[in-house]
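J.:
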Ligand SMILES: Nc1nc2c(ncn2[C@@H]2O[C@H](COP(=O)(O)OP(=O)(O)OP(=O)(O)O)[C@@H](O)[C@H]2O)c(=O)[nH]1
Ligand SMILES: [Mg+2]
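Residue numbers (UniProt numbering): 1 to 462.
#1: Per DSSP, residue 80 forms a beta bridge with which residues?
#2: What span of residues does the alpha helix (DSSP H) with residue 109 cover, start to end?
#3: With a 10 Å radius around its C-beta and 16 neighbouring C-beta atoms as the bar for buried, classify residue 373 as buried or exposed.
#4: Leaving out five residues before and five after residue 54 in sequence, what residues of the same chain have Cβ atoms less than 6 Å from its Cβ?
#5: Any heavy atom of ligand 3 within a distance shorter than 8 Å of the CB on residue 282?
#6: Output the residue ranges of the beta strand (DSSP E) runs that lie fully inside the segment 255-308 and measure 3 residues or longer, sorted by chain position.
#7: Given a cut-off of 9 Å on the beta-carbon distance, is the pair residue 354 and residue 315 in contact?
#8: Return the first residue and the last residue of the alpha helix (DSSP H) that residue 202 is part of.
#9: Between which residues of its own chain and residue 106 is the CB-CB distance below 6 Å, once the five residues before and five after are set aside?
#10: Just checking my contact of residue 89 with residue 133 at CB under 8 Å: how many whole Å lie between their CB atoms?
#11: Where does residue 229 fall in DSSP's three states?
#12: Is residue 269 near ligand 1, in the sense that its beta carbon is under 8 Å from a heavy atom of that ligand?
#13: Is residue 346 near ligand 1, with its Cβ less than 8 Å from a heavy atom?
#14: Checking the sheet assignment: what are the DSSP bridge partners for residue 72?
#15: Taking 8 Å as the cut-off, is the C-beta of residue 241 nearer than that to any heavy atom in ligand 2?
#16: Leaving aside the five residues before and after residue 111 along the sequence, list all residues of the same chain whose C-beta is less than 8 Å from its C-beta, in chain order.
#17: Using a 10 Å radius around the Cβ and a threshold of 16 neighbouring Cβ atoms, would you call residue 282 buried or exposed?
#18: Roughly how many angstroms separate the alpha carbons of residue 265 and residue 301, rounded to a whole number?
#19: Looking at residue 254 and ligand 2, is the gap between the Cβ and the nearest heavy atom below 8 Å?
#20: Tell me which residues share the same chain as residue 45 and place their Cβ nearer than 8 Å to its Cβ, disregarding the 5 neighbours each side in the sequence.
#21: Counting C-beta neighbours from all protein chains within 10 Å, is the total for residue 276 16 or more, i.e. buried, or is it exposed?
#22: So residue 343 is in the alpha helix (DSSP H); what residue range does that whole segment cover?
#23: Whose CA, out of 298, 251, 259, lies closest to the CA of residue 269?
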């Protein structure tokens with residue numbers, strides 16, 4: 001297996017960059033970076049002793065780093081992780097250089113000139129999987145952590161990474177195996193049906209396993225939803241929608257004016273709501289219009305609301321409800337029942353003229369002039385984003401794994417029916433099927449294509 005190298009940190013201005021080497025030659029390439037005389041080493045057994053004397057495993061040392069021309073590139077921390085006790089299971093050398101793009105690139109180039117190959121995206125993790133340092137569930141958690149936009153989820157994903165989900169799956173797999181054993185002994189050696197006690201116990205074990213799986217599936221669905229939350233601001237013209245967007249972003253992103261119809265098209269920005277990254281859209285004011293461009297803008301406002309999970313619907317509290325406001329209320333009542341809707345009663349610094357009862361929708365009264373309202377509003381929105389995920393559960397971040405668990409659940413359900421009807425062979429078949437699905441969740445059988453597509457989601461250097 002060739003020795004791969006990559007810059008594992010982002011290529012940006014930063015204090016430290018990490019260059020990672022993994023493979024049989026990691027140590028000898030690292031040695032060549034350090035001293036001219038070491039470049040003559042060929043990698044024989046004797047040389048290996050020399051090399052290992054240069055680097056004590058897991059000890060950080062400050063070293064001068066040179067390129068192939070003997071020019072000094074940096075003074076960097078070098079750490080050696082001896083195989084198999086490393087992320088990939090191979091020899092790894094990590095070089096923590098000064099940050100920035102140039103130094104790290106120069107060191108990378110020197111590694112390449114000493115014989116390393118540039119790593120492909122995800123290749124370090126691929127090697128970890130091949131060397132049994134990670135299973136698929138842990139790998140998925142790594143991908144999800146890299147892409148995660150929700151700080152609440154980090155804890156859950158880290159538990160997956162820690163192998164806790166794999167442990168739970170393995171222990172439930174053992175329980176299913178135990179049930180299978182009891183059924184199959186009966187099929188092979190008994191003339192009679194399964195005795196009533198064993199039958200009841202088996203069915204109840206299967207039911208409880210099924211409900212554990214179901215809870216993981218439910219959390220996973222919730223997780224998927226939270227990964228891509230869209231929030232949009234709607235309301236009739238001039239009620240303060242763009243002012244609200246600017247208040248949330250704490251910057252003058254959208255044009256605000258006292259002329260109705262200022263915003264003619266949707267404006268979208270990303271917003272951090274108490275640790276959740278959501279996309280926020282300001283829309284054109286909804287009203288009846290004969291202007292065809294305005295009509296298109298208004299149609300986009302409705303479309304944006306339909307596509308959002310959270311809607312902030314703004315009303316001007318200093319004016320009584322009018323026909324346009326009621327059109328918007330009707331839209332909320334008819335089309336947004338399954339969404340999180342927050343009625344924003346804006347301009348509460350002015351005299352209150354709107355006393356309409358917005359039940360069952362939640363309301364918040366504020367004005368966009370006071371910056372403190374930004375935090376208040378974000379906290380209110382965050383309450384829509386609260387994870388209904390119990391902290392003991394797990395999330396599956398990959399649809400393929402969710403599908404596998406779902407089919408295992410169906411197998412367990414059918415097995416219970418077959419058992420209750422005394423059809424032991426069929427029950428056993430279903431249980432074997434469920435074991436196959438569970439097995440495929442943590443260890444691929446022979447699925448190179450699936451691995452390739454998974455690893456392509458990684459960054460280079462991971
Ligand atoms: N007094 C007061 N005026 C506000 C408040 N919020 C917004 N305004 C004013 O209301 C007017 C309209 O604000 P915008 O934010 O442009 O309203 P909009 O809903 O985006 O309007 P369109 O884009 O035309 O649909 C501006 O003159 C704002 O300064 C508030 O809380 N109090
Ligand atoms: Mg506007």
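Glycine included, each C-beta is placed from N, C-alpha and C at the ideal position. Being a predicted model, the structure only gives us computed values, none of them experimental.
T.: Taking the structure as given:
#1: 57, 93
#2: 101-113
#3: buried
#4: 31
#5: With respect to small molecules bound, the structure shown includes ligand 1 and ligand 2 and not ligand 3.
#6: 267-273, 276-282
#7: yes
#8: 196-226
#9: 73
#10: 5 Å
#11: coil
#12: no
#13: yes
#14: 66
#15: yes
#16: 5, 19, 21, 29, 33
#17: buried
#18: 8 Å
#19: yes
#20: Unreliable positioning characterises residue 45 in this predicted model, as indicated by a pLDDT of 48, which lies under 50. A coordinate reading is not provided.
#21: buried
#22: From DSSP, residue 343 is part of no alpha helix (DSSP H) but of the beta strand (DSSP E) over 340-346.
#23: 251
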